[in-house]
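To start, the structure itself, in C-alpha cells.
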Amino acid sequence: LPLLEANQDKDQQLEILYRTVPRRLMDVFSVRFVKFDKQALSQMYGCIMIGSFPTYVLYSRKHGEPLNVHPNGLVMLRDPDEVIQPSDRVGFYPCLFRYQAGADQFKDFKPKLLWNRVWEDFDTLLCTRVRCQFGKLKVKYAVYECGVTAHVVVTLTDCRFPSANVHGWIIAHNSKVGEAGKSFLFKRSDSEGISIGVSHCERRIAQLPLARCKIAVPVDSSFTIAVNIWQCSAIDAPDQVIAKNKDFKFDARLSGQEVKTFRGDACHVNVGVTWSR
1 LPLLEANQDK DQQLEILYRT VPRRLMDVFS VRFVKFDKQA LSQMYGCIMI GSFPTYVLYS
61 RKHGEPLNVH PNGLVMLRDP DEVIQPSDRV GFYPCLFRYQ AGADQFKDFK PKLLWNRVWE
121 DFDTLLCTRV RCQFGKLKVK YAVYECGVTA HVVVTLTDCR FPSANVHGWI IAHNSKVGEA
181 GKSFLFKRSD SEGISIGVSH CERRIAQLPL ARCKIAVPVD SSFTIAVNIW QCSAIDAPDQ
241 VIAKNKDFKF DARLSGQEVK TFRGDACHVN VGVTWSR
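Residue numbering for the sequence shown follows full-length UniProt numbering, starting at 1 and increasing by one per position.
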C-alpha cells in the first residue's frame, strides 16, 4: 500500500489508494453497420453482447419490435445492467436473427476477439470490424486501466411549454480518447421526436429519456456532454431551439455529484453527473 501523508485530505488519500488498486473498465462507444442491406436490417432481431464471463448485453430486440438502427447504420446501444469490467480477453457476440416466412434464419453467433490484455493498449480508441449476415459491423471501444462511472441525467426546468416533442442528439466523450470515441446518449430525427410531459410543480420539470446513462470514464480525464436538441413546432413553423451545440464539461472524480445548467429561452437545460467507482 502507498504511504499516506497526515496532511493529505480524505479525497487525496482515496485517489492515491484507487490508483494503487485500479478498477479496469470498458466502454463501447458505438456499433455501426457498414455496407449493409437496408431490407435485411428491417428484418433483424436478437442481441449484441460483449465480454467473456460475465457477458454484457449492448443491444436487444425481440421478434416483432420496431428496429432501432438508424439509416446510416448506427445501432442505438443500451446500458448493460452493470458497467463493463473486462477480463483479460473480451469477445464480441452478434447473436442476430433474420425473420423470414416459414422459418427464422440464425447464422450469427461467431464471437470476435475485441481485446486481449497481452497485446492491446489501455486508454486509447480501438476499432474492430466484424462480419455478419447483415453486413460488416464497425465497433469502437476503449479499455481504461483506471476508470470511474459517470451516471448522467438530463432535465429541462422552468419550461415555457406544457409538453414537448423533442428531437436532436446528446453525446458524451472524454479527453483521453477524444471526440472520435463519442457515445450517443440520445438521438432522434425530427420525424421521430419523443414526447415528454412537464410536471406541474413550481419549477416545471421534464426529464429526457436517455438510451444510455452509465458511462465509463478514465479517472484522469475530463468528461464532456454535448447537447443539441429542439422542440418540434407546429406545421410550417420552425422548430424551437432548446440547446444548440452546448457543451457541459466535468472533471472525472471518484465520487460526488455535479450539475451544470444552460439557461435558454425555452427552458433551462440541466446536466447532472454522479460519480462512482
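For every residue, glycine included, the Cβ atom is placed at its ideal position computed from N, Cα and C.
(request) Can you tell me which of the three DSSP states D251 falls into? (result) On the sequence shown, residue 251 is found 251 positions in, with the first residue counted as 1. In the structure shown, D251 sits in a strand (DSSP, three-state: E or B).
(message) Please report the straight-line C-alpha distance between L125 and W115, rounded to a whole angstrom.
(response) Residue 125 sits at position 125 when you count from the first residue of the sequence shown. Residue 115 sits at position 115 when you count from the first residue of the sequence shown. Distance between the alpha carbons of L125 and W115 is about 12 angstroms.
(request) Compute the distance between the beta-carbons of C127 and V139, then report whether it is under 8 angstroms. (result) Mapped onto the sequence shown, residue 127 falls at position 127. Mapped onto the sequence shown, residue 139 falls at position 139. The criterion of a C-beta distance shorter than 8 angstroms is satisfied by C127 and V139.
(message) Suppose you measure from the CA of L25 to the CA of E120; what does that come to, to the nearest Å?
(response) Along the sequence shown, read from residue 1 onward, the residue named residue 25 stands at position 25. Along the sequence shown, read from residue 1 onward, the residue named residue 120 stands at position 120. Approximately 14 angstroms, taken between the alpha carbons.
(request) Can you give me the Cβ contacts of I48 inside the same chain, cut-off strictly under 6 angstroms, excluding the 5 residues immediately before and after it? (result) Taking the first residue of the sequence shown as position 1, residue 48 is located at position 48. Excluding its 5 nearest sequence neighbours in each direction, I48 has C-beta neighbours in its own chain below 6 angstroms: L58, Y59 and P94, listed in chain order.
(request) Answer with buried or exposed for N174, where buried requires no fewer than 16 other C-beta atoms within 10 angstroms of its C-beta. (result) Translated into positions along the sequence shown, residue 174 becomes position 174. Buried: at least 16 other Cβ atoms inside 10 Å.
(message) I'd like to know whether the C-beta atoms of G181 and A142 end up nearer to each other than 8 angstroms.
(response) Start at 1 with the first residue of the sequence shown, and residue 181 comes out as number 181. Start at 1 with the first residue of the sequence shown, and residue 142 comes out as number 142. Contact annotation: G181 and A142 have beta-carbon atoms nearer than 8 angstroms.
(request) Look up E145 in the DSSP assignment and say whether it is helix, strand or coil. (result) Residue 145 sits at position 145 when you count from the first residue of the sequence shown. Coil.
(request) Could you tell me the boundaries of the beta strand (DSSP E) in which A226 lies? (result) Counted from its first residue, the sequence shown places residue 226 at position 226. DSSP places A226 inside the beta strand (DSSP E), whose first and last residues are S222 to Q231.
(message) So, with DSSP's three-state summary, where would you put A211?
(response) As a working mapping, residue 211 is identified with position 211 in the sequence shown. Three-state result, A211: coil.
(request) Check the DSSP bridge columns for P218 and list the partner residues they point to. (result) Locating residue 218 in the sequence shown gives position 218, counting from the first residue. The partner list for P218 (beta bridge, DSSP) reads G147.
(message) I194 and L209 - do their beta-carbons sit closer together than 8 angstroms?
(response) Within the sequence shown, numbered from 1, the residue matching residue 209 stands at position 209. Within the sequence shown, numbered from 1, the residue matching residue 194 stands at position 194. Sequence inspection shows Pro at residue 209; the Leu mentioned does not correspond to that position. The Cβ-Cβ distance between P209 and I194 falls below 8 angstroms.
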